[in-house]
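As structure tokens, the structure follows; a few thoughts come after it.
There are 8 protein chains.
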Amino acid sequence: MSFKYERLDKDKAMLLVVDHQEGLFQLGRDQGPTSMKSSILAHATLGKIFNLPTILTSSTETGPNGPLPQEIFELHPNAPLIKRQGEVNAWDNPEFRAAVKATGRTQVILAGLVTDVCTTFLALSLREAGYEVFANRDASGTFDEKTASDANDRMRAAGVQILSMFAVACELMRDWRNTPGQKEMLPFFDTYLPEYGMLIRAHDNAVKTGAISSLGRS
Amino acid sequence: MSFKYERLDKDKAMLLVVDHQEGLFQLGRDQGPTSMKSSILAHATLGKIFNLPTILTSSTETGPNGPLPQEIFELHPNAPLIKRQGEVNAWDNPEFRAAVKATGRTQVILAGLVTDVCTTFLALSLREAGYEVFANRDASGTFDEKTASDANDRMRAAGVQILSMFAVACELMRDWRNTPGQKEMLPFFDTYLPEYGMLIRAHDNAVKTGAISSLGRS
Amino acid sequence: MSFKYERLDKDKAMLLVVDHQEGLFQLGRDQGPTSMKSSILAHATLGKIFNLPTILTSSTETGPNGPLPQEIFELHPNAPLIKRQGEVNAWDNPEFRAAVKATGRTQVILAGLVTDVCTTFLALSLREAGYEVFANRDASGTFDEKTASDANDRMRAAGVQILSMFAVACELMRDWRNTPGQKEMLPFFDTYLPEYGMLIRAHDNAVKTGAISSLGRS
Amino acid sequence: MSFKYERLDKDKAMLLVVDHQEGLFQLGRDQGPTSMKSSILAHATLGKIFNLPTILTSSTETGPNGPLPQEIFELHPNAPLIKRQGEVNAWDNPEFRAAVKATGRTQVILAGLVTDVCTTFLALSLREAGYEVFANRDASGTFDEKTASDANDRMRAAGVQILSMFAVACELMRDWRNTPGQKEMLPFFDTYLPEYGMLIRAHDNAVKTGAISSLGRS
Amino acid sequence: MSFKYERLDKDKAMLLVVDHQEGLFQLGRDQGPTSMKSSILAHATLGKIFNLPTILTSSTETGPNGPLPQEIFELHPNAPLIKRQGEVNAWDNPEFRAAVKATGRTQVILAGLVTDVCTTFLALSLREAGYEVFANRDASGTFDEKTASDANDRMRAAGVQILSMFAVACELMRDWRNTPGQKEMLPFFDTYLPEYGMLIRAHDNAVKTGAISSLGRS
Amino acid sequence: MSFKYERLDKDKAMLLVVDHQEGLFQLGRDQGPTSMKSSILAHATLGKIFNLPTILTSSTETGPNGPLPQEIFELHPNAPLIKRQGEVNAWDNPEFRAAVKATGRTQVILAGLVTDVCTTFLALSLREAGYEVFANRDASGTFDEKTASDANDRMRAAGVQILSMFAVACELMRDWRNTPGQKEMLPFFDTYLPEYGMLIRAHDNAVKTGAISSLGRS
Amino acid sequence: MSFKYERLDKDKAMLLVVDHQEGLFQLGRDQGPTSMKSSILAHATLGKIFNLPTILTSSTETGPNGPLPQEIFELHPNAPLIKRQGEVNAWDNPEFRAAVKATGRTQVILAGLVTDVCTTFLALSLREAGYEVFANRDASGTFDEKTASDANDRMRAAGVQILSMFAVACELMRDWRNTPGQKEMLPFFDTYLPEYGMLIRAHDNAVKTGAISSLGRS
Amino acid sequence: MSFKYERLDKDKAMLLVVDHQEGLFQLGRDQGPTSMKSSILAHATLGKIFNLPTILTSSTETGPNGPLPQEIFELHPNAPLIKRQGEVNAWDNPEFRAAVKATGRTQVILAGLVTDVCTTFLALSLREAGYEVFANRDASGTFDEKTASDANDRMRAAGVQILSMFAVACELMRDWRNTPGQKEMLPFFDTYLPEYGMLIRAHDNAVKTGAISSLGRS
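Chains as they are written, first to last, in our numbering: chain A, 1 to 218; chain B, 219 to 436; chain C, 437 to 654; chain D, 655 to 872; chain E, 873 to 1090; chain F, 1091 to 1308; chain G, 1309 to 1526; chain H, 1527 to 1744.
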């Protein structure tokens, strides 16, 4: 079996923010809410750091689904926002399709609420339309872990690649010496991956003011 | 790899209720019983709301498996009920096969007790017979989570798509402005997806009588 | 160590519905939402079936917490509803204290959203005021299982008894031949404890139309 | 995608008992030991009930792995027992390969300790040799759930079907009116699937001596 | 704080089998059904092995709760069976109280279905009546783990000691050289604690026919 | 049993930040790291909002334990920081004891890394010294959930009350109309309890611009 | 409620190694085997580092329980080893009681296989005999987590303190500047608490050769 | 479907140690740290025992990621160590690619920190370059179990085989009579698979000095 590695490329990728709405937030229960919110903001932030064409969309936002959080607009003040009036699958909305095509990009990074509907339906349509599709699984949420797992399996069967946020970030960056690279990504990880952030902080502090312990090995 | 999105279409789909029997209910332990019962009724209700040809079947119902719950007959008073006298796989029953074929539909939504036997055997036979098959995983139940997961994997290997109840509902509806749409589906979700129902209720109440909090942001 | 069994008595008990509000519902994530809603309605229904003095209370309900669900008012159209304008602990509200005292009862069954705040604070105050307190744990909800467990431990340390809904119901009923007894409680369990309901249904069906299997033992 | 349902057929299938040894039993920790032992005996019993050609094998049984349990020999007193002196993969043992081929069967049902080594290695070799392979996942055990899951995925990638014990039994039986059928399988399920056994017992008892409850519905 | 160790004594203890009925079996979902059934039979067997006065009781057994399993009657053909016609708490039944008192024993080992009602209510009454109470937690079952845990906590607050089946057995035996001792208990553990049984089998086999491995240490 | 409710009072309470150090952060694995960091910052923030005397302490911070995060100093620029050079239990450090006594407060809210050592040892000493002690369990972390649970039980046995962060906050606030009250606490919850924050945001948005859905009930 | 902190004191404590036998090892399934073995060795090592009087005991070691691991004898070549020929509770063995009393110590640190029998029975007897008892929960093991939890609760009810290995170690050490202190304990933690060991190693390496990252904060 | 079993062959395989660095160790939280460290050392040891060409690599090791542990260098003093200065995917580093190619081997066994980035990116590139790739899942670690599972699925979709450490070891050894075989592997399992090690020890001890129990069966 021969294999072609479809690899994220910051010059080929766009980023989609799908229905990360303040009401729908309550339906994302396959991870804790603090982690869910952090993942949603990390997703939008990656679009900004890597300067990816970014498209926002929401579903019937004057109803209980609510609007997107203000933080996302602050990150992407000029991104198109497609307010769908009824289409569940964003690809069914011509304005959204046009916005995607207008990017000229062939790779799509997406995440949404809820995984099994908003993310999956769109991902399958994008695969049918010929895009390479990368789902940032940390930034999608749904009713429970089994629903998320089955939705991810449905996407995988269509050729969608399911990646962690860290994998998305690292595959876009590729080399810590690039731009964006260490300079941009360390503060990002300090905010959105605190186990790594605290490791970095403690390291820097050790270099600056630390004292050798008596362990006697490294 | 090219991909064709097999998508539920309310004009192509039929719905099968497979062995949701009152005795077999006790064997469905991969979700809590309150949730299991709710999912079974939601499954049958989707057939009614979307006016899908619906076929009921049961296995040796004078024995310990018991009959289907009365609620299902109330939802589908005129649906064919195929009482299998011995066949485990409903597809082995000629009357059942005839009923399925008589619908003229090419897509099948099914769920049953238990997942690894009643649902899976039938789903594999349906795939072999050329149907597009969609398993509503929430409305199937079995001995434990691992058994469900392995059964779903066996179905996936045959091209069956495993969907949550919410995904089945939304893929059938497609657009909140359709009929059935918001008018029919909001009460459905209020009953069968209470986290969404309570979100809707609180939203409507806020619009009608709510007061702005002092949070100062949206 | 001598022990006195504080046992629920339907002639001594009152029932409190504490902040089961439509907005706060989203914060109850230590059980699934279908189960959470069912437990909330079961709690209120026990007050009705056993004709217990029942008091409803809510917290700042024009804000995001929202109102109590309509179903509860339908069960208790004449129960006092104390709308607290700011007190977190209902016992801090004089109107609420007066309503409790007006019942003349010495035992309190309570549940609320969220367990660690609305339920626990009130339960501790009730214990300090000398009441025998029984928390229906199924009908309280909070952020996660650990929070619920620690809150229940805090109540236990104050002498609160933590009971399942089934234990509350059975300790009130005491004997299936009582009134309320089998006649009232079987339909209740059929609705709110479906594993028992389906057992009852299958049993009745077997008596009416069942055929002996070939197992050859009982 | 066209699909051919490879379905167990009692006239085409053989059954393999792979390294269910008394010492290795301690390594099967992905299910509880009571369940593990029950599943091992159920596996061997299916071979007897359906009169399947059955082959036993063990690995270096004078060492810590120990012998097969006596119960298996009592079920299959005349089955060949291939005592491997060193080969981890039973297919590497010529005597074992000869025994498998001598059955003239084309379908293999297998289970072993431990899943990721004894079961998987053999299953992959059997697939390479052209057999249809069905792994009874309940009767294989290993270090933890993740190891079992990854091993099952490795087998699935090779076309092995992973079935529960109940699915193996029902796919072999096909119809409760067959022989073996209800008469043989109800006692089997009473022993090895007690949730079903107790359902059957309670049903029969209800038919014989039960009284209608006052639920008033079925 | 001074402490008095209330320790099981086979000459002071009686054993109660509470509502281990074939219908109620379905409600015991905090452990797997194979383990649940094994634990129920182990409980009754301990009464036989240690020759403890044993009392059986059931609740409305012509209804859906069903009768006790035949295996228990085979173990205790002469034990009193108190068929309660309505009392949930067995202590409310005068015949049951008389049977308990007639044993002349001061320690009670009990288990039942379901933990939070049948076991707990009786245990609390027994504590109030002055008995030392030991709950065999493995042989009680209920709706889910949290319900079991809260019920056990309620019993602990009343001075009930919650023991595993293994602890009950070993505290009764005290010394492997006693009667009952190794001779009676090894076959018991072989049946009801298979991780220990297989350890014993493999050990005995190693002594008889085993060969030293090349590990070179013990 | 009479009970005295020891209730947090913002005029009697002090707050202790114990060893929330950047290196030790890696040892807090009983909750996810995003949640752990959020809880640590929420803990310190409560001291600021309620203007509680706040004391910081760290253990051998030039070694691998590292310093406290900068965010905590920004919240409490003037709080005493006791850098312990060796004492594991902060109470063994005279400077720390003096700082605690200097507050003149009788209630202590504390949290630390790790729960079973830094938090527990200090909490037990504080109880021995006569303080009312409240452990904010969300802001303590340790190796795994069982270690946390056992440590909390050890503290409970000494009369420590284990509270969630939300319970600490609400017991300090008591009434949404107080100062601090709704105005201060809603932004706090928006940051540190995002499931509540998103509920508030969606509510406010519904009041401002929302449209009634067609559900037809509230 | 006044509280007296019973605190481990290396000059008052003895350490007991109870039935950590190579056969019984298989019964300790409430933690992974790698962790179980590490905890057993850590327990014995603490006795050596703090020079605590240490007593070893085993139960019927020529049978399936097997001997203690050689590593323990290498740590404690001169410790008394009481080979019990039948007593389950070590306190029932006069030689063992004599060895405990001969230490002249009043505090006991113990751990054993299995928690609910070997550890608990002895701990309860020690409490009755007036000792302060500290159970190192990490180094005890049993059939499953619930059995361990219930056993720990039984011990807690008798005044036993349940501590993690890290809490035992730190309460014995008290101050990193003591002897034993940092010099002895860092290598111990490097071996038995690798998350701390790797933190120490990385810190020391950063001090020696690390370069500041560009995070720009600590 | 025909299937070709790609099977590990010690004469075709190389082993890669990818970023098992002392700082990154903290990010591996999908298994406990004791198990994680043991798995990392077992991975490197397999390379030594089977004399596989072994390549070490690290990522920006003067930063917070830190160096590889000393134990790995002691096992492989002469292995090439490629210190990547920025490339996340080791395959992007020409020196690393050259080292891999210089082995002349066609099979790769790899593991790394973290699974979804360091292991997966490299594994996908290796597949694209035509290697047969075997991931030792036990020796890779990442943020949580779901991240590991999705990363493993991504690798599986590329034809990577995911194996347990035990499966890697046994597929390399193939026959206990080979060299390396029982003599080399039993001490390895004694160290890195203690459930097997203790089984071996107890077996050998039984052969040498054990006494038959009275079970009377094997």
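Cβ atoms here follow ideal geometry from the backbone N, Cα and C, with glycine treated the same way.
Answer yes or no: does any C-beta atom of chain H fall closer than 8 Å to that of residue i?
i                       : result
residue 914 of chain E  : no
residue 118 of chain A  : no
residue 761 of chain D  : no
residue 1272 of chain F : no
Nearest by alpha-carbon distance to residue i: which of the options is it?
i                       : options                        : result
residue 759 of chain D  : D:716, D:721, D:858, D:665     : D:665
residue 1198 of chain F : F:1094, F:1095, F:1297, F:1103 : F:1103
residue 945 of chain E  : E:922, E:917, E:923, E:924     : E:917
residue 1218 of chain F : F:1226, F:1233, F:1240, F:1245 : F:1245
residue 815 of chain D  : D:801, D:790, D:848            : D:790
residue 468 of chain C  : B:418, B:410, B:233            : B:410
residue 949 of chain E  : E:1059, E:920, E:875           : E:920
Is the shortest distance between the beta-carbon of residue i and the beta-carbons of chain G less than 8 Å?
i                       : result
residue 1120 of chain F : no
Return the Cβ separation of residue i and residue j in integer angstroms, given the expectation that the two are a contact with Cβ distance under 8 Å.
i                       : j                       : result
residue 1155 of chain F : residue 1111 of chain F : 5 Å
residue 914 of chain E  : residue 1011 of chain E : 7 Å
residue 1174 of chain F : residue 1148 of chain F : 7 Å
residue 1216 of chain F : residue 1181 of chain F : 7 Å
By the 10 Å Cβ neighbour count, where 16 or more other Cβ atoms means buried, how is residue i classified, buried or exposed?
i                       : result
residue 1678 of chain H : buried
residue 1370 of chain G : buried
residue 743 of chain D  : buried
residue 705 of chain D  : exposed
residue 630 of chain C  : buried
residue 828 of chain D  : buried
residue 70 of chain A   : exposed
Cβ of residue i less than 8 Å from any chain C Cβ?
i                      : result
residue 960 of chain E : yes
How many angstroms separate the CA atom of residue i from the CA atom of residue j?
i                       : j                       : result
residue 1733 of chain H : residue 721 of chain D  : 15 Å
residue 159 of chain A  : residue 8 of chain A    : 14 Å
residue 1364 of chain G : residue 1013 of chain E : 38 Å
residue 684 of chain D  : residue 548 of chain C  : 38 Å
residue 1332 of chain G : residue 1458 of chain G : 20 Å
Shorter than 8 Å from the beta carbon of residue i to some beta carbon of chain A?
i                       : result
residue 1328 of chain G : no
At the 8 Å Cβ level, is residue i part of the contact set with chain D, yes or no?
i                       : result
residue 540 of chain C  : no
residue 1700 of chain H : yes
Using beta carbons (cut-off 8 Å, strictly below), is residue i in contact with chain F?
i                      : result
residue 564 of chain C : yes
Got a sec: is the Cβ-Cβ distance from residue i to anything in chain E below 8 Å?
i                      : result
residue 288 of chain B : no
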